[in-house]
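K.L.:
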Amino acid sequence: MKIKTIMALLICCTNLHCAYGNTDIVAHRGYWQALGASQNSIRSLIKADSIGAYASEFDVWRSRDGELFCNHDRKFKGVVIEEADSRVAQAVVLDNGESMPTLRAMLTAATALPRLRLVLELKEHVDKAAEEAAVRECVEMVKEMGLDTRTDFITFSREALVNFVKYAPKDAYIYYLTGDLTPEEVHAAGANGIDYHIDAFRKNPDWIERAHALGMKVNVWTVNNPADISWCIDHGVDLITTNRPEEALELSISHRNG
544 MKIKTIMALL
554 ICCTNLHCAY
564 GNTDIVAHRG
574 YWQALGASQN
584 SIRSLIKADS
594 IGAYASEFDV
604 WRSRDGELFC
614 NHDRKFKGVV
624 IEEADSRVAQ
634 AVVLDNGESM
644 PTLRAMLTAA
654 TALPRLRLVL
664 ELKEHVDKAA
674 EEAAVRECVE
684 MVKEMGLDTR
694 TDFITFSREA
704 LVNFVKYAPK
714 DAYIYYLTGD
724 LTPEEVHAAG
734 ANGIDYHIDA
744 FRKNPDWIER
754 AHALGMKVNV
764 WTVNNPADIS
774 WCIDHGVDLI
784 TTNRPEEALE
794 LSISHRNG
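Note that this note's numbering has the sequence shown beginning at 544, numbered continuously upward.
What follows is the structure in structure tokens.
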């Protein structure tokens with residue numbers, strides 16, 4: 544199916560839920576495989592929006608002097624972001640030629656893409672005081688920029704999970720990523736979503752229904768194989784995070800159309 548067809552279907556979207564079904568597609572680290580993009584680049588965010596992805600995910604680190612940067616790896620091109628000064632981190636060049644973006648730059652770009660939902664992953668920091676500060680600063684910046692109604696927060700860190708519950712707006716979606724807690728345990732912590740690797744759900748397929756029974760949402764990462772995407776859709780997950788958002792969109796539409 545061509546992109547124009549996908550975009551035509553997206554015209555029917557209401558309340559940010561696309562007409563093609565109940566399972567929405569999240570571009571993992573943006574649509575970074577698109578021409579001119581790279582992982583966690585501003586270009587990857589724009590490209591995720593251009594193909595009609597429901598959301599774009601990106602990762603956040605806090606530098607030693609308190610600047611928030613978007614990147615996945617703790618150490619990237621020789622720089623350990625949480626140990627580096629912001630001037631050092633911002634001098635890092637991504638594979639597509641962009642400077643490593645600050646969170647503010649990423650969110651500024653997102654303000655021009657009003658349809659796209661944002662999935663902000665805070666990486667687990669060694670310094671837990673800095674991690675808590677990062678949680679608070681992420682939430683404050685999202686609110687400041689008017690993006691609080693369309694930003695979800697995800698993390699592998701149990702401490703950050705508790706702090707997102709503490710600082711985020713009451714109606715924000717907060718997901719736990721590690722997969723070592725049951726839906727009931729995550730719910731008891733005050734979060735309202737689980738975002739686990741597909742292997743966790745294959746071992747515990749009842750977790751999907753149990754999470755839904757608690758009013759929680761279910762995201763699955765990182766699903767690239769068509770058979771795995773189909774399995775997730777068939778089991779009624781709410782979101783699929785994938786490195787192949789264009790293909791996942793096509794498959795999701797195909798499932799809806801029977």
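No residue lacks a Cβ here, since even glycine has one placed at the ideal position from N, Cα and C.
Pick out whichever of Q582, K590, G595, A596 has its Cα sitting closest to the Cα of F612.
P.N.:
Here residue 612 refers to the residue found at position 69 of the sequence shown. Minimum Cα distance to F612 is reached at Q582.
K.L.:
Please return the same chain residues whose Cβ sits closer than 7 Å to the Cβ of A591, not counting the five positions on each side in sequence.
P.N.:
Counting from one through the sequence shown, the residue named residue 591 turns up at place 48. Cβ within range, chain order: A570, G573, Y574, S599, L659, P788.
K.L.:
Taking all protein chains shown into account, decide if R605 is buried (16 or more other Cβ within 10 angstroms of its Cβ) or exposed.
P.N.:
Taking the sequence shown and counting its residues from 1, the one referred to as residue 605 is at position 62. It is buried - the Cβ of R605 has at least 16 other Cβ atoms within 10 Å.
K.L.:
In the DSSP output, what is M762 paired with across the bridge?
P.N.:
As a position in the sequence shown, residue 762 is number 219, starting the count at 1. Reading off the sequence, residue 762 comes out as Asn, not Met. For N762, which the question treats as bridged, DSSP gives the partners D738, L782.
K.L.:
Using only the alpha-carbon positions, how far apart do A653 and E728 sit?
P.N.:
Locating residue 653 in the sequence shown gives position 110, counting from the first residue. Locating residue 728 in the sequence shown gives position 185, counting from the first residue. Each residue's Cα considered, the two are about 33 Å apart.
K.L.:
Grab the span of the alpha helix (DSSP H) containing I585 for me, first residue to last.
P.N.:
Here residue 585 refers to the residue found at position 42 of the sequence shown. Per DSSP, I585 belongs to the alpha helix (DSSP H) from 585 to 593.
K.L.:
Touch check for the stretch 683 to 691 and the stretch 622 to 632: three-plus C-beta pairs under 8 Å?
P.N.:
no
K.L.:
Can you tell me whether E752 is buried or exposed? The criterion is at least 16 other CB atoms within 10 Å of its CB, across all chains shown.
P.N.:
Stepping through the sequence shown from its first residue, residue 752 is reached at position 209. The residue is exposed, with fewer than 16 neighbouring Cβ atoms inside 10 Å.
K.L.:
Considering T654, what are the terminal residues of the alpha helix (DSSP H) in which it resides?
P.N.:
Counted from its first residue, the sequence shown places residue 654 at position 111. Here the alpha helix (DSSP H) through T654 covers 646 to 654.
K.L.:
Tell me, please, which residues DSSP counts as bridged to A580.
P.N.:
Counted from its first residue, the sequence shown places residue 580 at position 37. Answer by DSSP bridge pairing: none, since A580 is not bridged.
K.L.:
Are the CB atoms of V662 and D695 within a distance shorter than 7 Å?
P.N.:
Reading the sequence shown from its first residue, position 152 is the one you call residue 695. Reading the sequence shown from its first residue, position 119 is the one you call residue 662. Yes; because the gap between Cβ atoms is below 7 Å, this pair is in contact.
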